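> Can you keep this structure in mind? I'll have questions shortly.
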Amino acid sequence: MAQFELMALPYAADALEPVISQRTIEIHHGKHLATYVNNLNNLLSGSGLEDLSLVDIVKQAQGGILNNAGQILNHELYFGQFRAPKENNIPENELMEAIGETFGSFAMFKEEFQKAGATLFGSGWVWLSAKDDGSLVITQEANAANPVQRGLRPLLTFDVWEHAYYLDYQNRRPDHLAALWDIIDWEVVEARYLIN
Ligand code: MN
Numbered sequence: 440m441a442q443f444e445l446m447a448l449p450y451a452a453d454a455l456e457p458v459i460s461q462r463t464i465e466i467h468h469g470k471h472l473a474t475y476v477n478n479l480n481n482l483l484s485g486s487g488l489e490d491l492s493l494v495d496i497v498k499q500a501q502g503g504i505l506n507n508a509g510q511i512l513n514h515e516l517y518f519g520q521f522r523a524p525k526e527n528n529i530p531e532n533e534l535m536e537a538i539g540e541t542f543g544s545f546a547m548f549k550e551e552f553q554k555a556g557a558t559l560f561g562s563g564w565v566w567l568s569a570k571d572d573g574s575l576v577i578t579q580e581a582n583a584a585n586p587v588q589r590g591l592r593p594l595l596t597f598d599v600w601e602h603a604y605y606l607d608y609q610n611r612r613p614d615h616l617a618a619l620w621d622i623i624d625w626e627v628v629e630a631r632y633l634i635n
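In short: position in the sequence shown from 1, add 439, done, that's my numbering.
Here it is, written out as C-alpha cells:
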C-alpha cells in the first residue's frame with residue numbers, strides 16, 4: 440500500500456523569520472501537514488487508490504481522501520516555494536515576461552494576487568497557475584482544492600487558512616499576504632513554469 444511521507448522543509452524552521460515565525464512553521468508543517476499525511480495514509484488503505492500519484496488522487500478522489508490529499512499537495516507546493524527574506528525579490532526571464540503579458544506589470548499582478556487572497560471567504564488558497572498555452576491565471580480555491588482539478592499547472596500559492604498566519608498576524612491576513620513576497624523563491628516558481 441502506498442505510504443506518503445511528510446515532506447522535509449528545504450530550509451531551517453527559523454529561516455523565514457520575521458515573515459513567518461519558527462513557531463508557525465513548526466506547527467504548520469510538523470502538526471497540520473503531518474496530520475494530513477497520517478490521515479491520507481489511513482484512508483487510502485483498502486480504497487483502491489493506493490497506487491495513484493498524489494496529483495492523480497487529487498484529480499480522482501472524493502471526500503476525506505480528496506481533502507487530505509489536496510492539503511498535502513497544496514502544502515508541498517507552499518512550503519517548497521520559500522527561502523530566507525530578500526529585498527527587491529522579483530522573478531526574472533520567462534516568468535516575468537508572462538506575468539507582464541497577462542497582468543500588465545509585476546506590481547499589478549501582486550495587487551491582484553493579494554486582493555484574491557484577502558477576499559477569499561473562509562479557508563482556502565490563492566493560486567497563480569499556468570494554462571497549456573503558457574498564459575497565467577489567478578484563482579481562489581476553497582478549503583483543500585487545487586488548480587490541477589481545473590486542468591491548470593499550479594506555480595505559486597498563498598495559504599489563507601488561519602493556521603498559516605494567526606500566531607504571527609492574528610486577524611491581519613492582508614498584512615501577512617503583503618509580507619510573503621519577500622520570501623518567495625522565484626527560481627522554484629519559475630522552474631514550475633518552465634517544466635512543461
Ligand atoms: Mn496550511
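Heads up, the beta-carbon is just placed ideally off N, CA and C, and yes, glycines get one too. None of these values were measured; they are calculated from a predicted model.
Within 10 angstroms of the Cβ of Asn507, are there 16 or more other Cβ atoms? Answer buried if so, exposed if not.
Answer is buried; the Cβ neighbour count reaches 16.
> Are the Cβ atoms of Leu488 and Ala500 separated by less than 8 Å?
Yes, they are a contact pair.
> Is Gly503 helix, strand or coil by DSSP?
Note: Gly503 maps to helix in three-state DSSP.
> Along the chain, where does the beta strand (DSSP E) containing Trp620 start, and where does it finish?
Unbroken run through Trp620: none, as it is neither H nor E.
> With which residues is Arg592 paired in a DSSP beta bridge?
In the DSSP output, where bridge partners are listed per residue, Arg592 has Ala569.
> Figure out for me which residue from Ser460, Asp490, Ala473, Ile466 has the closest Cα to the Cα of Met446.
Nearest option by C-alpha distance: Ala473.
> What did DSSP end up calling Glu629 once you bin it into helix, strand or coil?
It is helical.
> Can you have a look at Thr596 and say buried or exposed, based on whether 16 or more other CB atoms are within 10 angstroms of its CB?
Thr596 should be labelled buried.
> Note down, in chain order, each residue of its chain lying with its Cβ closer than 7 Å to the Cβ of Leu594, except the 5 sequence neighbours on either side.
Only Leu567, Ser568, Ala569, Val628, Arg631, Tyr632 meet the Cβ criterion.
> Just reading off the alpha helix (DSSP H) that Glu550 is part of, what are its end residues?
545 to 558 is the extent of the alpha helix (DSSP H) around Glu550.
> By Cβ distance below 7 Å, which residues in the same chain neighbour Leu616 in space, the five residues on each side in sequence not counted?
Excluding residues within five positions, the ones whose Cβ falls inside 7 Å are Gln553, Gly556, Ala557, Phe597.
> Look at the alpha carbon of Asn532 and the alpha carbon of Phe518, and state the distance between them as a whole number of angstroms.
Going by the C-alpha atoms only, they are around 23 Å apart.
> Which residue's Cα is closest to the Cα of Leu482: Leu493, Ile504, Ile466?
Residue Ile504 is the option with its Cα nearest to Leu482.
> Near Ile496, what residues of its chain come up, given a Cβ to Cβ distance below 6 Å and the 5 sequence neighbours on each side ignored?
Excluding positions up to five away in sequence, the list reads Leu488, Ala508.
> What is the DSSP secondary structure of Pro603, counted as helix, strand or coil?
The identity of residue 603 in the sequence shown is Ala, whereas the question assumes Pro. Ala603: helix per DSSP, three-state reduction.
> How is Gly563 classed by DSSP in three states: helix, strand or coil?
If DSSP states are grouped into helix, strand and coil, Gly563 belongs with the strands.
> Near Tyr608, which residues of its chain fall below 6 Å by C-beta distance, leaving aside the five closest residues on each side in sequence?
Closer than 6 Å at the Cβ level, and outside the excluded window around Tyr608, lie Asp614, His615.
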